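Here this note's numbering is used: position 177 in the sequence shown is 197, and no number is missing along the way.
We put the beta carbon where it would ideally sit given N, CA and C, even for glycine.
Note that the structure is predicted; figures quoted are calculated from it, not measured.
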Amino acid sequence: MIGLMLFRPPLIDDESPSLALALTAGAGEFASTLLVGAMSKGWFYPGVVGFGGIGSQRSARILGRVLMARGDDTRSWLQTRRGWRQFFNAQVPRQPVLVTVGNARRLAFADRGGFVDITVLGHGLDPGWHNATIQVLHAGDVRALGMSEETAAKLATTLRTATPLPAPPSAMYERPRKGRIRAGRPACVRVRIVSDDEHFGVVSDIDDTVMVSMLPRLVTAAKHAFLDRVSSREAVPGMAELLTTLTMSSASSEGVPEGTHAPIMYLSTGAWNVVPTLRSFLERSGYPAGGFLMTDFGPSNTGWFRSGPEHKRRELRRLARMFPHVRWLLVGDDGQRDPEIYAEFARDFPHCVAGIAIRSLSEIEQFMSHGSFEAMVPDALWTVPERVPVWYGSNGYALLDNIRGRGTAGPLSHR
Numbered sequence: 021m022i023g024l025m026l027f028r029p030p031l032i033d034d035e036s037p038s039l040a041l042a043l044t045a046g047a048g049e050f051a052s053t054l055l056v057g058a059m060s061k062g063w064f065y066p067g068v069v070g071f072g073g074i075g076s077q078r079s080a081r082i083l084g085r086v087l088m089a090r091g092d093d094t095r096s097w098l099q100t101r102r103g104w105r106q107f108f109n110a111q112v113p114r115q116p117v118l119v120t121v122g123n124a125r126r127l128a129f130a131d132r133g134g135f136v137d138i139t140v141l142g143h144g145l146d147p148g149w150h151n152a153t154i155q156v157l158h159a160g161d162v163r164a165l166g167m168s169e170e171t172a173a174k175l176a177t178t179l180r181t182a183t184p185l186p187a188p189p190s191a192m193y194e195r196p197r198k199g200r201i202r203a204g205r206p207a208c209v210r211v212r213i214v215s216d217d218e219h220f221g222v223v224s225d226i227d228d229t230v231m232v233s234m235l236p237r238l239v240t241a242a243k244h245a246f247l248d249r250v251s252s253r254e255a256v257p258g259m260a261e262l263l264t265t266l267t268m269s270s271a272s273s274e275g276v277p278e279g280t281h282a283p284i285m286y287l288s289t290g291a292w293n294v295v296p297t298l299r300s301f302l303e304r305s306g307y308p309a310g311g312f313l314m315t316d317f318g319p320s321n322t323g324w325f326r327s328g329p330e331h332k333r334r335e336l337r338r339l340a341r342m343f344p345h346v347r348w349l350l351v352g353d354d355g356q357r358d359p360e361i362y363a364e365f366a367r368d369f370p371h372c373v374a375g376i377a378i379r380s381l382s383e384i385e386q387f388m389s390h391g392s393f394e395a396m397v398p399d400a401l402w403t404v405p406e407r408v409p410v411w412y413g414s415n416g417y418a419l420l421d422n423i424r425g426r427g428t429a430g431p432l433s434h435r
């Protein structure tokens, strides 16, 4: 009976490890490693797609992914293609990379899905936008120095004497050269450093909040990811104006370059694969530049599918810990669980919430979102602390009018 229970993994991600899922993940990593080996014989080499980053004046979180690529793959060609092409890639498990942020350099190893998620300390950067880099390192050179995932933290000292040398992509498969580390072309990662004097930021959902969906979230994610042409997606009316207006306040923050918007994070249950094209959509639609907090499709050690609500809860709590001085305006819609998640966060971290702005979907949008004409959790926001204002509106224009009607036109950080 115990053996059977070990092989009965949960459907949705939870906190309990599962042997069956661990074995499945291990098999997937082994298959990815074989695919990488085969592709390396056809002029494909490890490359990096930078997702972005955000940090304080002391540390910065950098996100990216290592994929097999042919030459300089910027993915700009995806703009006129259907989204499924974003998923035809081969991740490189456990690939060593060098992350450089300002004065700080860190060795990191991609996880089994090729993802890089690392926090770098002591970067020395001023508040505002900066370019960090991620470079693929020659795995053999790294091993020759005696470095591994377990000892990666020690490489901060080693790198002062073993400076990575620029190398062509093909060098990643040459024999190791002890005493130096060959590195691939740096991939740029835009990172927003938040000043200690900034006290306002925005966290915004994506589907049905900034981008029109009118489909159940799982179907929405699949449709946008696999079927839609990247250039055909439609913005929710007024939301770009709302987010731009509310984030224009940071120019008055000490030490922040003039014209820099307040920090904004786009929090979604969508896959990391869509970030390059999603960033292009937001830029084309007039949304302020920000960071992304997405998730990975597929099984983990604790579930066949990732829990979208848990992903959002986890990332909100991480923002609260990383920026305890920032009060976030939480923007979402009432078609799914956003009100419930935001209300819970406001109760647990009231000092970190400047307000909650919810886009009210129409009855048709509600039905298309979850099969009912009513909001999924209509009473969730009744439990929000009184000091946290809540606004509703059918689109960005209505939300902005309602916020202004409460005497908070412009930056909420001045409240």
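Per DSSP, what kind of secondary structure is residue i in: helix, strand or coil?
i	result
His150	strand
Tyr307	coil
Phe343	coil
Gly279	coil
Leu349	strand
Gly134	coil
Arg163	helix
Gly48	helix
Arg90	coil
Asp227	strand
Val443	A question about residue 443 goes unanswered here, because the residues of the chain that appear run from 21 up to 435.
Ala128	strand
Gly416	helix
Thr120	strand
Arg442	Here the chain comprises residues numbered 21 to 435, so residue 442 is not present and cannot be evaluated.
Phe220	strand
Pro113	coil
Gly144	coil
Gly328	helix
Gly258	coil
Ile22	Residue placement at Ile22 is poorly supported in this model, since its pLDDT is 36, which falls under 50; the coordinates are not used for a value here.
Val294	helix
Glu169	coil
Asp354	coil
Glu364	helix
Gln99	Its pLDDT being 44, under 50, Gln99 is placed unreliably in this model, and the value from its coordinates should be taken loosely. In this structure, Gln99 counts as helix in the three-state DSSP scheme.
Glu274	coil
Phe301	helix
Val232	coil
Do you know whose CA, among the options, lies nearest residue i's CA?
i	options	result
Pro196	Gly57, Arg163, Leu87 and Asp227	Arg163
Pro329	Leu287, Ala260 and Arg125	Leu287
Glu218	Thr267, Ala159 and Ser224	Thr267
Ser79	Val140, Ser215 and Ala255	Val140
Arg132	Ala51, Ala89, Ala152 and Gly67	Ala51
Gly416	Ile378, Met314 and Arg125	Ile378
Val68	Met259, Arg200, Glu303 and Phe129	Phe129
Ile229	Ala418, Gly62, Leu39 and Gly425	Sequence check: residue 229 is Thr here, not Ile. Measuring from the Cα of Thr229, the nearest candidate turns out to be Ala418.
Tyr412	Gln356, Val351 and Ser168	Val351
Phe135	Pro116, Ser300 and Pro405	Pro116
Leu55	Val404, Pro113, Arg81 and Pro405	Pro113
Asp399	Val222, Ala374, Asp354 and Val209	Asp354
Asp146	Arg341, Leu127 and Ser215	Ser215
How would you call residue i, buried or exposed, if buried means at least 16 neighbouring beta carbons within 10 angstroms?
i	result
Cys372	buried
Glu360	buried
Pro283	buried
Gly144	exposed
Ile384	exposed
Asn123	exposed
Trp104	Only weak support exists for where Trp104 lies, its pLDDT of 43 falling under 50; the value from the coordinates is given anyway. When all chains shown are included, Trp104 counts as exposed.
His158	buried
Leu87	buried
Gly275	exposed
His281	buried
Lys332	buried
Gly258	buried
Thr94	For Thr94, the predicted structure reports a pLDDT of 47, less than 50, and the residue's modelled location is therefore unreliable. A value from the coordinates is still provided. Exposed, because fewer than 16 other Cβ atoms sit within 10 Å of the Cβ of Thr94.
Arg347	buried
Ser233	buried
Thr289	buried
Pro344	exposed
Asp368	exposed
Trp292	buried
Thr120	buried
Gly425	exposed
For residue i, which beta-bridge partners are listed by DSSP?
i	result
Trp411	Ala377
Arg81	Ile74 and Thr139
Leu313	Leu287
Val68	Val86
Ala207	Ile154
So with Cβ pairs under 8 Å, would you call residue i a contact of chain C?
i	result
Met59	Within the model displayed, chain C is absent; a lone protein chain is all it includes.
Measuring only from the beta carbon, is residue i closer than 7 Å to any heavy atom that is part of the ligand MN?
i	result
Trp348	The ligand MN is not part of this structure, which contains no ligands at all.
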